[in-house]
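J.: In the numbering used here, the protein residues as written are 1 to 408.
We put the beta carbon where it would ideally sit given N, CA and C, even for glycine.
No experiment lies behind these values; they were computed from the predicted model shown.
Below you'll find the structure I mean.
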Ligand SMILES: Cc1cc2nc3c(=O)[nH]c(=O)nc-3n(C[C@H](O)[C@H](O)[C@H](O)COP(=O)(O)OP(=O)(O)OC[C@H]3O[C@@H](n4cnc5c(N)ncnc54)[C@H](O)[C@@H]3O)c2cc1C
């Protein structure tokens, strides 16, 4: 029998992206020894001097980040989203959501959510963690092998370092290496589309409005960022992406203006562009004995409502709470019975958001005869029906979604 000599820690986290770091942050006061293993920071895609990978953080999650002490490192770079305008390019009108139309337990929030650059959120999470000795980050570090034993999981790094813990958490993104090692398959819906992202400068100020225009190929989101710049996420079928990415800036702006229309005057400048494949994906198992998947490692969705990382942040908070509770009651937090509690709490939210994104994508991309007219009528109906509109808006702000209790 081989004797394993490994450093014993309490939780191993694979992936130090937004979700993995948020999970570590949620456990910073737990007294547990957490080790985050990050293979190397992904490149920042700069466009007009800003990261062009941005996230709309819904109000519910902004409140969680505030509670964790992360928001104070981020708030100066975050742009408030005060209203949202959604419309279809085949129908005039559309829906407009304003901040004063939503009340949360009697009070009216100042904003619907915030737009943040992904790299800034990651930096803010890291800054928060600096003050905590119980959270270690190994970066760059490559895991060579992982082995699940009865009472622990054991990993060996390329540099020879060995670690073991009662639980390993996969926060290593949509193409999760850890998920693959655990032999967990995924249900996939390939949209055969990519999201073109870039920062742009329109002629007119955005006044904190997020715009979403649905076209036959999918949505074009124009999101408010600092200095009156906007960040675009333009979903297009693969052939069109190749063509659009091949255009020079003048040609690209021409097509962009044609699709978006004149709401913000002419879009005058565009920075570097990047394109990301769009897939909806759900892991066939989100937990196994001594393994839990969170964030994109567990699920990815179409970015049309900007909810991907928001779902991941909620996974991180719920799993952290279950681990803290297990510790308090003397349970082994790597046991399947504990991890299943995390899974049961998260699945309704994950499945409902995945289902809504699929439904919206189908409704807005379908050219089935008569559907564009129905869509237009639907938009008008939603625009006029206060209750439905308020429900839609609460989903967009994350205020109707289960907010995990503050980790204690
Ligand atoms: C075009 C586009 C626009 C989007 N817009 C929004 C939005 O507005 N709002 C929103 O909520 N979501 C949005 N999303 C989704 C969001 O970007 C993702 O949900 C989010 O990045 C997931 O975070 P994560 O930490 O789970 O994974 P990732 O961001 O993929 O991070 C995974 C980390 O793990 C590391 N890693 C990978 N493999 C290993 C390994 N073997 N060992 C160690 N480390 C490893 C990687 O280097 C990385 O740092 C968008 C997505 C796209 C494609």
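Going by DSSP, which residues form a beta bridge with residue 189?
T.: 280
J.: Nearer than 8 Å: is that true of the beta carbon of residue 292 relative to any heavy atom of ligand 1?
T.: no
J.: Tell me where the beta strand (DSSP E) around residue 20 begins and ends.
T.: No beta strand (DSSP E) holds residue 20; the alpha helix (DSSP H) holding it covers 18-26.
J.: Could you please give the first and the last residue of the uninterrupted alpha helix (DSSP H) stretch that includes residue 63?
T.: 59-67
J.: Quick one: using the 10 Å Cβ neighbour count with 16 as the cut-off for buried, is residue 227 buried or exposed?
T.: exposed
J.: Which term fits residue 82, buried or exposed, when burial requires 16 or more other beta carbons within 10 angstroms of its beta carbon?
T.: buried
J.: Taking the alpha carbon of residue 153 as the reference point, which residue from 322, 144 and 164 has its own alpha carbon closest?
T.: 164
J.: With DSSP as the reference, label residue 137 as helix, strand or coil.
T.: strand
J.: In the DSSP assignment, the alpha helix (DSSP H) including residue 317 goes from what residue to what residue?
T.: Run containing residue 317: 308-328, per the alpha helix (DSSP H) assignment.
J.: Could you give the DSSP three-state label for residue 245: helix, strand or coil?
T.: helix
J.: Between residue 232 and residue 220, which are expected to be in contact by the criterion C-beta below 8 Å, what is the C-beta distance as a whole number of angstroms?
T.: Right, the Cβ-Cβ distance comes to about 7 Å (below 8 Å), so this counts as a contact.
J.: Is residue 211 near residue 223, with beta carbons less than 9 Å apart?
T.: yes
J.: Which of helix, strand or coil does DSSP assign to residue 151?
T.: coil
J.: Beta-carbon separation of residue 274 and residue 197 under 9 Å?
T.: yes
J.: Output the distance between the C-alpha atoms of residue 324 and residue 10, rounded to the nearest integer angstrom.
T.: 11 Å
J.: Between 151, 84 and 22, which has its C-alpha nearest residue 332's C-alpha?
T.: 151
J.: Give the single residue among 350, 134, 193 and 185 whose Cα lies nearest to the Cα of residue 31.
T.: 134
J.: Helix, strand or coil: how does DSSP classify residue 272 here?
T.: coil
J.: Hey, how far is the Cα of residue 254 from the Cα of residue 262?
T.: 12 Å
J.: Looking at ligand 1, does it come within less than 8 Å of residue 320, judged from the CB to the closest heavy atom?
T.: no
J.: Rank 71, 131, 24 and 132 by C-alpha distance to the C-alpha of residue 116 and give the top, closest one.
T.: 71
J.: What does DSSP give as the partner residue(s) for residue 50 in the beta ladder?
T.: 47
J.: Just checking residue 57 against ligand 1 - is the residue's beta carbon closer than 8 Å to any of the ligand's heavy atoms?
T.: yes
J.: Residue 179: beta carbon under 8 Å from a heavy atom of ligand 1?
T.: no
J.: Starting from residue 209, trace the alpha helix (DSSP H) both ways and give me its first and last residue.
T.: Taken as a continuous stretch (DSSP letters only), residue 209 belongs to no alpha helix (DSSP H), being part of the beta strand (DSSP E) at 209-215.
J.: Are three or more beta carbon pairs between the segment 306-314 and the segment 278-298 nearer than 8 Å?
T.: They touch, by the three-pair rule.
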